[in-house]
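Below is one structure, written out as C-alpha cells; the observations come after it.
There are 2 protein chains.
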Amino acid sequence: MSTGARTLASARDAAEADVVAWVGQRRKAHRFSVRQVPLDALEDWRVDPETGNLRHATGRFFSVEGLRVRASYPAAAIFHQPIVNQPEIGILGILAKRFAGELRFLMQAKMEPGNVNLVQLSPTVQATRSNYTQAHGGSRVRYLEYFQDRRRSRVLADQLQSEQGAFFLRKRNRNIIVETSEDVAAHEDFCWLTLAQLKRALKADNLVNMDTRTVLSAIPLTGGAQWGPATRPPAGGFAAALVESARARNRGELGDEEILSWLTELKSTAQIEVQTLPLNRLPGWKRDALSIRRDDGRYFEVIGISVEADSREVGGWCQPIVRPCETGIAGFLVQERRGVLHFLVQARMEPGIFDILELGPTVQHVPGMDNPVPFLEYFERAVPDRVRHASLQSEEGGRFYHYQNRNMIVELPASDSLEAPFGYAWMTLGQIHELLRYNNYLNVEARGLIACLNAGDARQ
Amino acid sequence: MSTGARTLASARDAAEADVVAWVGQRRKAHRFSVRQVPLDALEDWRVDPETGNLRHATGRFFSVEGLRVRASYPAAAIFHQPIVNQPEIGILGILAKRFAGELRFLMQAKMEPGNVNLVQLSPTVQATRSNYTQAHGGSRVRYLEYFQDRRRSRVLADQLQSEQGAFFLRKRNRNIIVETSEDVAAHEDFCWLTLAQLKRALKADNLVNMDTRTVLSAIPLTGGAQWGPATRPPAGGFAAALVESARARNRGELGDEEILSWLTELKSTAQIEVQTLPLNRLPGWKRDALSIRRDDGRYFEVIGISVEADSREVGGWCQPIVRPCETGIAGFLVQERRGVLHFLVQARMEPGIFDILELGPTVQHVPGMDNPVPFLEYFERAVPDRVRHASLQSEEGGRFYHYQNRNMIVELPASDSLEAPFGYAWMTLGQIHELLRYNNYLNVEARGLIACLNAGDARQ
C-alpha cells in the first residue's frame, strides 16, 4: 500500500497540486520507455502480404485497414483513409465508494504509450476484451470483479459509448460506474478521489485521460438519487447557470421531441457509404518502412512503437499507433438564450460512426480535415473573460501517439445573435444529459467537454 | 372526393364495422392481381450470374443476398439464410389534424401485394426512398409535402425504427407523425380516423398494416402535451392498469438505470458476426425456377410475383418477396408486480439487427426458428379470460407474402411466481414508452403489440 495514495485519500480538500504530485510520483516509481520502430519490426504483428493491412498474429486486439467513404453530408465528398478496426467492446469502469457519505472514485495512475506525459489518471478498469479475457496471457485486470459481479456492487451508470469516428471503425466501449460497500484496498497505483478533485484535475493539461473523461460525462451536474447532491452548491455566475441548464428539459430553444426529430431528419436524408479497402491500395496514401501517411503529410500517419514497462499487465509489447499531425480543437459555444444557458451542438458525420451521425461540440477540428471549420474563429480569437474552460486534453494513449485537443468552452454575450445553421442546434445541458444516457448520441469529443463542466466549484 | 370517406370522417363514433366496410369498398373500387412467376421472369430484376443475388436493374429498392451468422447469444450458433438488404431509409408517416379539438389521423386504404386481403389501413405516406424520390418514374407520393416541409406541419413524433431483423439486414424506416392546421382534402383512398377508431380496428384481423402499427406505437397511453388527454378515461380493470403502468417510471421491478445497464451488459458480452455470402452458395438452401428455399422446407422461401394494380404510384411491377412457411406468434406476458402491470420483455439477437440486440415481446416465434420457444405454452394454452388481446396481424405486404403473426397479450395472475430468466426483464409500460423514443431499442414485433394496447376503451 502506497503511503502517498493513503494520505491523499484521507485529505478531503486535497488541491489539484496533490493529484499532480501523486501522478508524478507514480510516474517516477515505474520504468517506461517508448520508441518508434519500423512497421515490419512490430513483434506479433503481421502485414498482410496481399492487402497491406496490419493485424495482430492472434487476430485479436485491433487491425489497421483502409476505408473508402462516400458521404452526402454536410456536403458531397469522397475520401480514403486508414482506419483502426476494433470490433471488441471493452470496459471503461470506475469503482465508487462512499467515505463519510461522500462518493469517491478509485482512479488509476496508468501508463499509456501515446500519452505526452506517459502517466495520466485513468478509470479503475480500462481494458479491451482481449485484455480482460487475458488473450495476451498477461496478468489479471485489477478490480475487474466489481464490474462483473453484481453482488459486489450496484450500477450508477452503464452505457455503450462511441470513440473517435474519424479514426475508429464503429468502436464502442462500455462506460460504467459502480458503487461498492465492500472494503477495497487501493493498490499503490490507485487513489480514491472525490468528484470535486476530479473536476479540478480536469482544469490541468493532460492529467485526466480520455477514458476517464468519457465515463465521468455520465454524472449529471444536477446530482441525483444515486449521485447525491452536487458537492458544493453553486455560488452564482457561470456555475449557477450550468446547474440551471442541467435542470432544463423542454425549456430549450427546441423541445425534446424537436431535437429527436431534427436528428432523425438528418439521419434519414444524409447518406454515407463506407467500404473497407486494402490498406496498400488507398489513393493518396503511401507507405515506407516507418509509416503509412498521406502524400501531403496532412491528417495523420500510422507508425509502429515498441513499449517497455514494468507496470502493465504485460511487461513489454509492440503495436501500431495513430499519430495525428497536429493539435486539434474541441470547443462548445454556449450562450444564455431565453434565460437558460444553451450549448451549440453539431450533428457530425464521420467515417467510423456507428449510426450515421453523432452530436459533437460546436467545433471539432480534426487536424488536416474540415477546411474551413465553421465557428473556429470564436475559439482562436476568444476574449479571455469569455473563456469558461480551456485545457489541453489527450486522446486515448493506447491508440493515439501524442494526440491532444485544446478543449474550450466559450460563452457568447446573451445579446449576440447567432442562429444555429443547418446541421447545428442549440440545446440545454439537461437535454444533452438525457441523450447521454442512451447509445450513439453524443460523440467522445462532446462527452469529454461535458466532463470538464464544473458546477461544484465557484472558482470556475 | 369519396362520399364514403367524407361520411366516415364526420361520424365521431363510427364503429369498427364502418372502417371494415370502407376498406372493403376501396378494395372493390380498384383492380388488383398478384400471381407467382419464376424468379428468372421478374421484369427489371437481375440474377447476378456469379453470386445468384437478386437485385433491381437500377441497383435501387432492395436486393436479396446470402448471410452467414455466427452468434454467441442466447446460445452459440452458426447458420445461413437469405436476407433482404434494403439500406435506404424510407418514410412511414401519418398526417394528423384536429377536428373540433380531437386529433384525427389520415389513413390510407392501400394495396400491398403480400397482404392476405390485399388492402389494409396504411399510414398517410408509406414510401421507400426510391418511391418518394421517384426512382421508378411513378407518380408523386400524395401528402409527402406535409412531412418534408416543416412550415406546413409540426412534428408530434419522429424516430428511426427497425424492421424484422430475422429477414432484413439493418432495415430502418423513419416513423413520423405530424400535425397540420391546413385544410387537407382527403383523396378517395384516404380517411380521417380517431385514435379510438384505430385502436378498435386493431382488434380485427389483418385490417391495420404493420407500418401503421409501428407508427402508432409512438403514441403513449398516458396522452401528453402534443396528444391531448386519453380519448376516454379508463373505467377500471385492465385499461386502468395499462394507464397506470404507462405512467410508471422508476417504479418498475428494475429501475430505469438498471434496465439500461441490463441491456448494456448483454450487448457487451453477446457477440454476433454477420457476413454476406453469395446467395447461390448458402449451405442448406437450394434454388429452383420458382423459389429459393431450405432443403427441409422450413423457415421461409423467396418467390417472385407479378403485380397488376391501377391504384399504386405505378400500374404494375414484378418483385421478389419473402414467404414464411407458417403463421408466427408475437405475444407479451403481462403481470401485476408490486402493484403495477409489468411486461416480460426479451432481449433478442437477430441477424439483421442494427445494434446487436433489440427488445422483443416475451414470445416471438419466427416460423421454423427458435425451437424450443420459451413461454410458448402460455400463449398456445392461454385461458380465455386471461387473454387481454388476440388478433392476427400481417407483416409488411410489400416484402412478405401472406405472413401473419398471432398477436397476443396474456395476463398472468398476480399470485403466479415467474422470475425473468437470463435475457428477459419485467418492465412497466412507461419504461417501454421511454425506450421507444430512441433508436434501436424496441423491435417491430414489440412495437406492433404496444400499438394494440387500448386504454381508451373500457370494453377491452
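First to last, the protein sequences are chains A and B. For the first sequence, the residue numbers in my numbering are 3 to 462. For the second sequence, the residue numbers in my numbering are 3 to 462. Glycine included, every Cβ here is placed at the ideal spot set by N, Cα and C. Just so we're clear, the structure is a prediction, and the values are computed from it rather than from any experiment.
Cα-Cα separation, residue i to residue j
i        : j        : result
B:Arg57  : B:Gly167 : 20 Å
A:Cys454 : A:Arg156 : 25 Å
B:Arg439 : B:Asn177 : 11 Å
A:Glu398 : A:Cys327 : 16 Å
B:Thr185 : B:Arg142 : Note on identity: in this sequence residue 185 of chain B is Asp, with Thr being the wrong assignment. Approximately 20 Å between the Cα atoms of the pair.
B:Ile80  : A:Leu105 : 45 Å
B:Ala250 : B:Thr430 : 6 Å
A:Gly450 : A:Lys269 : 24 Å
B:Glu90  : A:Leu378 : 34 Å
A:Trp428 : B:Leu209 : 43 Å
B:Gly103 : B:Gly226 : 14 Å
B:Thr224 : A:His435 : 24 Å
B:Arg339 : B:Ser419 : 10 Å
A:Pro386 : A:Glu413 : 10 Å
A:Glu246 : A:Phe345 : 13 Å
A:Leu218 : A:Tyr426 : 25 Å
A:Trp287 : A:Gln83  : 7 Å
B:Leu256 : A:Phe149 : 18 Å
A:Ser183 : A:Arg152 : 12 Å
B:Arg131 : B:Phe64  : 11 Å
Own chain, CB closer than 6 Å to residue i, minus 5 neighbours either side, in chain order
i        : result
A:Gln366 : Ala332, Glu447
A:Ala129 : Gly92, Ile93, Val143
A:Met3   : Note that A:Met3 has pLDDT 35, beneath the 50 cutoff, so the model's placement of it is unreliable and the number below is only indicative. Same-chain partners within the cutoff: there are none.
B:Gln243 : The sequence as given places Ala at residue 243 of chain B; Gln does not occur at that position. Contacts found: Leu343.
A:Arg37  : Ser308
B:Lys173 : Gln88, Glu165
B:Asp290 : none
B:Asn441 : Leu162
A:Glu352 : Gly167, Ala168
Contacts around residue i, its chain only, beta-carbon distance under 8 Å, and the 5 residues preceding and following it disregarded
i        : result
A:Met109 : Ile96, Leu123, Ser124, Pro125, Thr126, Phe192, Cys193, Trp194, Leu195, Leu200, Thr214
A:Phe169 : Ile85, Val86, Phe302, Val324, Gly354, Arg401, Phe402
A:Gly230 : Gly103, Glu104, Leu105
Where residue i meets chain A, residues with beta-carbon distance less than 9 Å
i        : result
B:Ala102 : None at all; the shortest Cβ gap to chain A is about 25 Å.
B:Arg176 : Thr266, Glu267, Lys269, Ser270
B:Asp357 : Leu162, Phe356, Asp357, Asn441, Asn442
B:Ile96  : In chain order: nothing, as chain A lies at least about 14 Å away.
Spatial neighbours of residue i in its chain, beta-carbon cut-off 7 Å, leaving aside the 5 residues before and after
i        : result
B:Glu303 : Ser293, Ile294, Arg295, Arg325
B:Leu120 : Arg29, Phe34, Met113
A:His391 : Asn409, Met410, Ile411, Cys454
A:Gln433 : Arg251, Gly254, Asp258, Ile261
A:Ala220 : Ala159, Gln161, Asn177, Ile179, Leu438
B:Val39  : Gly306, Ile307, Ser308, Cys320
B:His189 : Arg144
B:Asn445 : Ser164, Gly167, Arg350, Glu360, Leu361, Gly362
B:Leu44  : Gly306, Cys320, Gln321, Pro322
Pair within 8 Å by beta-carbon distance, residue i and residue j
i        : j        : result
B:Gly26  : B:His404 : no
A:Phe107 : A:Ala311 : no
A:Leu158 : A:Ile179 : yes
B:Val375 : B:Leu361 : no
B:Trp47  : B:Pro322 : yes
B:Ile274 : B:Val71  : yes
B:Thr329 : B:Gln406 : yes
A:Arg300 : A:Gly238 : no
A:Asn282 : A:Gly54  : yes
A:Ala248 : A:Ile358 : no
A:Gly61  : A:Leu284 : no
Within chain A, the residues that residue i reaches when beta carbons sit closer than 8 Å
i        : result
B:Asp160 : Glu259, Leu262, Ser263, Thr266, Glu267
Neighbour list for residue i in chain B, Cβ cutoff strictly below 8 Å
i       : result
A:Ser74 : None at all; the shortest Cβ gap to chain B is about 12 Å.
A:Ile91 : Lys269, Ser270
Residues that residue i contacts on chain A, provided the C-beta gap is smaller than 7 Å
i       : result
B:Ile80 : Simply none; closest approach about 17 Å.
Partners in chain B for residue i, counting only beta-carbon separations shorter than 7 Å
i        : result
A:Val157 : Glu259, Glu260, Ser263
Run through the stretch 51-86 of chain B for me and flag every whole beta strand (DSSP E) of 3 or more residues, listed as ranges in chain order. Counting only runs of 3 or more, we get 56-58, 65-73.
4-residue-minimum alpha helix (DSSP H) runs that sit fully inside the stretch 99-166 of chain A, ordered along the chain: Qualifying alpha helix (DSSP H) stretches, in chain order: 131-134, 147-150.
Starting from the N-terminal side, write out each stretch of the alpha helix (DSSP H) that is 4 residues or longer and does not extend beyond the stretch 302-362 of chain A. With a minimum length of 4 residues, there is no unbroken run of alpha helix (DSSP H) contained wholly in the stretch 302-362 of chain A.
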